[in-house]
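**Student:** Submitted below is the structure of interest, expressed as structure tokens.
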Amino acid sequence: MKKLLYETTAGNPKKLIRPIILSTLSELINFLPTIFIFWALQIILKAFLDKSPPNASLLWGIGVFLVLFLAVMMLFEILAYRALYRSAYGVSAIGRIELAKDIAKLPLGYLESKDPGSLSYVLMSNYASLETALSHKLPICIANTIVPIIVFIGLLLLNYQMAIAMFICLPLSLISLWLTQIFIAKLGAKQQQAKRESENRLQEYLDGIKVIKAYGLVGAKFSRLLESFEALRRSSLRLEILSAPLVMTSLAFVGAGLGIMIFMGRYLMLEGALDIFTFIAFLMIGTKAFVPFSTSAIAYAESKYFQKAGHQILELKSQPPQSGAELPPKDYHIEFKNVSFSYQNTPVLKNISLQIPPNQFIALTGPSGGGKSTILKLIARFYDPNEGSIYFGGKDIKTLDPQAYRQNLSMVFQNVYLFADTIANNIALGRENASISQIMEVCKKANCTEFITHMPQGLQTPITSKGDNLSGGQKQRIGIARALLKDSPIILLDEFSAALDALNELKIQQAINALIQNKTIIAIAHKLKTIQNAHTILYIAQGQIQEQGSHQELLDLNGQYAKLWRLQNP
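And the structure:
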């Protein structure tokens with residue numbers, strides 16, 4: 000039970016204390032009208048049996064009290080539900096924010112190993128399950144278990160034989176409920192897996208909608224999406240259809256206890272050991288007591304389903320963040336020492352060693368798949384090397400605080416990611432306190448002003464998700480403006496001119512020239528004209544540095560770089 004509470008609350012079981020207390024009090028208070036109705040019924044029946052008029056003033060008093068009590072009970076119910084929902088949605092909201100922060104600290108390798116929809120599933124669907132568990136299931140489940148126990152103790156004092164008869168089938172009901180919970184846990188896990196898979200496939204479908212339309216795969220023809228939805232339908236139906244009879248079996252045992260109590264009451268009344276009023280009290284209170292138990296039984300059976308959601312949240316939270324706590328030094332010298340790296344056991348870099356002095360323009364070129372982008376990702380510490388070390392100012396970057404270390408880096412990649420926000424906010428991403436005048440200044444340097452001035456709202460023009468309402472060249476220049484504004488000492492450029500036309504390439508090159516003043520630049524390029532002024536050019540192939548030197552030195556070497564230069568410049 001302890002594990003169930005811990006996992007279903009995603010590690011916050013104490014948040015349940017107040018809702019449980021309020022729910023328990025609420026359920027106990029719900030019994031008072033039944034007791035007063037029994038009292039009024041007893042007065043009327045006794046008067047009828049004695050052939051005398053009932054005590055009218057007492058009955059009026061009970062009636063008035065019931066009306067007032069129901070008003071107070073309604074107010075208490077509102078307070079109890081407010082506490083339930085505030086606690087549930089508070090835990091969920093804070094949990095989502097904290098988990099999002101934790102995800103940002105995880106290594107990129109772990110994040111890339113996950114399906115695109117799996118992390119959003121944990122953040123959204125699993126926390127939605129948590130909200131349901133905390134607001135509707137667990138507090139009510141626990142409260143509705145406590146109340147029948149209290150009622151049972153009270154009924155034992157009233158007549159132990161009737162009380163035992165009423166609850167004699169309860170152990171069978173609990174065993175049935177326990178087996179039901181195990182069964183639902185297995186079915187629920189399969190249904191959640193099918194739900195995650197369908198969300199992944201839907202995300203894939205939406206992300207690739209242009210390709211899907213081009214190849215006529217829209218709708219039912221896109222079999223992967225259709226199959227995932229069909230699997231979700233089957234698993235959901237299986238969960239509902241197979242679990243319902245099991246829960247009803249547990250409730251049937253409870254109903255059997257009420258039947259046994261009635262037979263016991265008849266027997267005891269015939270023996271003269273039970274009066275009619277006590278029998279009626281057992282019927283009314285006993286029937287009322289099993290209503291919350293029935294609710295609790297269903298909620299408890301479903302709790303394993305919600306426990307799985309909590310377990311997945313805790314599993315993600317338990318992933319170790321990237322190590323390092325030291326502040327980075329002010330020396331911006333970068334060194335690779337015998338660095339090797341593999342993607343899922345596929346070697347990408349093999350025993351790389353290189354020096355990158357401050358304020359140098361270092362260019363990486365070579366065939367695709369040679370390891371160039373991996374070098375940039377290792378410098379940015381998106382990954383840690385499998386072997387060897389990378390040093391920043393003489394310190395192993397594994398010992399440095401990742402967040403503080405990355406403050407020294409600005410990255411402009413081939414596919415610049417833009418958020419669904421204004422142009423100004425996208426540029427100010429790395430420096431949120433930047434003024435409009437500072438943003439305008441970097442826009443001029445990055446050659447952004449010519450297209451921003453034609454936008455309907457200028458810098459405040461909203462950008463659609465991923466910047467789909469901008470051209471590739473415009474997105475690149477916004478990315479460069481972003482890097483200029485951050486003003487980091489080290490700039491990483493990945494294929495910044497690969498897909499640009501001649502005019503845009505010239506404008507991007509001018510923006511890059513503004514960017515590299517007094518900076519360390521590490522750039523990947525296939526167009527050798529864009530890097531011929533680099534201090535050092537590394538020709539990387541098959542995970543190794545095969546040629547190294549200035550543009551002229553590599554031409555004089557007459558190796559692979561020179562061959563590629565002649566191909567591009569006949």
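Numbering of the sequence shown is given in numbering that gives the first Met the number 0, commencing with residue 0 and proceeding in unit increments. Glycine residues also receive a C-beta, built at the ideal position from the N, C-alpha and C atoms.
1) Would DSSP call residue 395 helix, strand or coil?
2) Is it buried or exposed, residue 550, if we count other Cβ atoms within 10 angstroms and call 16 or more buried?
3) For residue 556, which residues in the same chain have their Cβ closer than 8 Å to its Cβ, ignoring the five residues on either side in sequence?
4) Looking at the strands, I want to know which residues DSSP matches up with residue 342.
5) On the premise that residue 444 lies in contact with residue 483, defined as a C-beta separation below 8 Å, what is that separation, rounded to the nearest angstrom?
6) Return helix, strand or coil for residue 385, following the three-state DSSP convention.
7) Hey, is residue 389's beta-carbon within less than 8 Å of any beta-carbon in chain C?
8) So the beta strand (DSSP E) residue 522 belongs to, where does it begin and stop?
9) Could you pull out every unbroken alpha helix (DSSP H) segment of at least 4 residues lying fully inside the segment 112-190, listed in chain order?
10) Among the candidates 286, 134, 36 and 251, whose CA atom is the shortest distance from the CA of residue 57?
11) Looking at the unbroken alpha helix (DSSP H) that takes in residue 403, where does it start and where does it end?
12) Tell whether a beta-carbon distance below 8 Å holds between residue 372 and residue 489.
13) Among the residues of its own chain, which have a CB less than 6 Å from the CB of residue 171, if the five just before and after it don't count?
14) Three or more beta-carbon pairs under 8 Å between the segment 256-276 and the segment 173-187, yes or no?
15) Output needed for residue 135: all residues of its chain with C-beta closer than 6 Å, excluding positions within five of it in sequence on either side, in chain order.
16) Residue 444 by DSSP, collapsed to three states: which one?
17) Could you name the residues that DSSP lists as bridge partners for residue 548?
18) Mapping the DSSP letters down to three states, classify residue 192 as helix, strand or coil.
19) Going by C-alpha distance, which of 192, 487, 485 and 475 is nearest residue 494?
20) Relative to the alpha-carbon of residue 130, which residue among 140, 90 and 108 has its alpha-carbon at the smallest distance?
21) Using three-state DSSP, classify residue 437 as helix, strand or coil.
22) What's the C-alpha gap between residue 22 and residue 138?
23) Determine the extent of the alpha helix (DSSP H) in which residue 409 is found, giving its start and end residues.
24) Between residue 332 and the rest of its own chain, which residues show a CB-CB distance below 8 Å, the 5 nearest in sequence each way excluded?
25) Hey, would you say residue 325 sits closer than 8 Å to residue 398, going by beta carbons?
26) Let me make sure I understand the geometry here. Which of 29, 279, 341 and 237 has the alpha-carbon closest to that of residue 143?
27) Is it buried or exposed, residue 537, if we count other Cβ atoms within 10 angstroms and call 16 or more buried?
28) What is the rounded straight-line gap between the Cα of residue 203 and the Cα of residue 342?
29) Kindly give me the distance between the Cβ atoms of residue 423 and residue 473, rounded to whole angstroms, as I take these residues to be in contact under 8 Å.
30) From the DSSP output, in three-state form, read off residue 329 for me.
31) Please list, in chain order, all residues of the same chain as residue 560 whose beta carbon is under 6 Å from its beta carbon, the five residues on each side excluded.
32) Thinking C-alpha only, which one of 388, 282, 401 and 278 is nearest residue 327?
33) Just grab the DSSP bridge partners of residue 334 for me.
34) Opposite residue 360 in the DSSP bridges: which residues?
35) Determine the direct distance from the alpha carbon of residue 240 to that of residue 232, and round the result to whole angstroms.
36) With H, G and I counted as helix, E and B as strand and the rest as coil, what does DSSP make of residue 277?
**Tutor:** For this structure:
1) Position 396 of the sequence shown, counted from the start, is the residue given in the question as residue 395. Three-state DSSP puts residue 395 in a strand.
2) By 1-based counting over the sequence shown, the position of residue 550 is 551. Classification for residue 550: buried.
3) As a working note, residue 556 is residue 557 in the sequence shown. Once the five neighbours on either side are set aside, the close Cβ partners of residue 556 are 546 and 548.
4) On the sequence shown, position 343 is the one that residue 342 refers to. Looking at the DSSP assignment, residue 342 forms a beta bridge with 345.
5) Taking the sequence shown and counting its residues from 1, the one referred to as residue 483 is at position 484. Taking the sequence shown and counting its residues from 1, the one referred to as residue 444 is at position 445. Contact holds; Cβ gap of about 6 Å.
6) Translated into the one-based positions of the sequence shown, residue 385 becomes position 386. In the structure shown, residue 385 sits in coil (DSSP, three-state: anything other than H, G, I, E or B).
7) Judged by its chain identifiers, the structure shown contains no chain C, having just a single protein chain.
8) Here residue 522 refers to the residue found at position 523 when the sequence shown is read from its first residue. Taken as a continuous stretch (DSSP letters only), the beta strand (DSSP E) holding residue 522 covers 519-523.
9) 117-120, 126-131, 137-157 and 159-166
10) Here the question's residue 57 lines up with position 58 in the sequence shown. Looking at the Cα atoms, 36 is the closest of the given residues.
11) Stepping through the sequence shown from its first residue, residue 403 is reached at position 404. It spans 401-405 - the alpha helix (DSSP H) in which residue 403 sits, taken as one unbroken run.
12) In the sequence shown, residue 372 corresponds to position 373, counting from 1. In the sequence shown, residue 489 corresponds to position 490, counting from 1. Their beta carbons are not under 8 Å apart, which means residue 372 does not touch residue 489 by this criterion.
13) As a working mapping, residue 171 is identified with position 172 in the sequence shown. The answer, listed in chain order, is 252.
14) Fewer than three beta-carbon pairs drawn from the segment 256-276 and the segment 173-187 are found closer than 8 Å, and the two stretches are therefore not classed as touching.
15) Here residue 135 refers to the residue found at position 136 of the sequence shown. So no residue of the chain qualifies.
16) In the sequence shown, the residue the question calls residue 444 occupies position 445. Residue 444 falls in the helix class under three-state DSSP.
17) Mapped onto the sequence shown, residue 548 falls at position 549. Partner(s): 536.
18) To locate residue 192, count along the sequence shown from 1; it is residue 193. If DSSP states are grouped into helix, strand and coil, residue 192 belongs with the helices.
19) Working through the sequence shown from its first residue, we reach residue 494 at position 495. The option with the nearest alpha carbon to residue 494 is 475.
20) By one-based count along the sequence shown, residue 130 stands at place 131. Comparing Cα positions, the closest option is 90.
21) Here the question's residue 437 lines up with position 438 in the sequence shown. Note: residue 437 maps to helix in three-state DSSP.
22) Locating residue 22 in the sequence shown gives position 23, counting from the first residue. Locating residue 138 in the sequence shown gives position 139, counting from the first residue. Their backbone Cα atoms lie some 7 Å apart in a straight line.
23) Against the sequence shown, residue 409 aligns to sequence position 410. Run containing residue 409: none in the alpha helix (DSSP H); it sits in the beta strand (DSSP E), 408-411.
24) Counting from one through the sequence shown, the residue named residue 332 turns up at place 333. Closer than 8 Å at Cβ, skipping near neighbours: 354, 355, 356, 357, 390, 391, 392 and 393.
25) Taking the sequence shown and counting its residues from 1, one reaches residue 325 at position 326. Taking the sequence shown and counting its residues from 1, one reaches residue 398 at position 399. Contact check for residue 325 against residue 398 passes: the beta carbons are separated by less than 8 Å.
26) Taking the first residue of the sequence shown as position 1, residue 143 is located at position 144. Out of 29, 279, 341 and 237, 29 has the C-alpha closest to the C-alpha of residue 143.
27) Residue mapping note: residue 537 aligns to position 538 of the sequence shown, counting from 1. It counts as buried.
28) Within the sequence shown, residue 203 is the residue found at index 204, counting from 1. Within the sequence shown, residue 342 is the residue found at index 343, counting from 1. In a straight line, the C-alpha of residue 203 is about 22 Å away from that of residue 342.
29) Locating residue 423 in the sequence shown gives position 424, where the first residue counts as 1. Locating residue 473 in the sequence shown gives position 474, where the first residue counts as 1. Not confirmed; about 14 Å, so no contact.
30) In the sequence shown, counting from the first residue as 1, residue 329 sits at position 330. In the displayed model, residue 329 falls within coil according to three-state DSSP, outside both helix and strand.
31) On the sequence shown, residue 560 is found 561 positions in, with the first residue counted as 1. Answer for residue 560: 538, 546 and 553, listed in chain order.
32) If you number the sequence shown from 1, residue 327 lands on position 328. Selected option, being the one with the closest Cα: 401.
33) Walking along the sequence shown from the start, residue 334 turns up at place 335. Paired residues: 354 and 390.
34) Mapped onto the sequence shown, residue 360 falls at position 361. Its beta-bridge partners are 520.
35) Here residue 232 refers to the residue found at position 233 of the sequence shown. Here residue 240 refers to the residue found at position 241 of the sequence shown. Their Cα atoms are separated by approximately 12 Å.
36) Against the sequence shown, residue 277 aligns to sequence position 278. Residue state, collapsed to three classes: helix.
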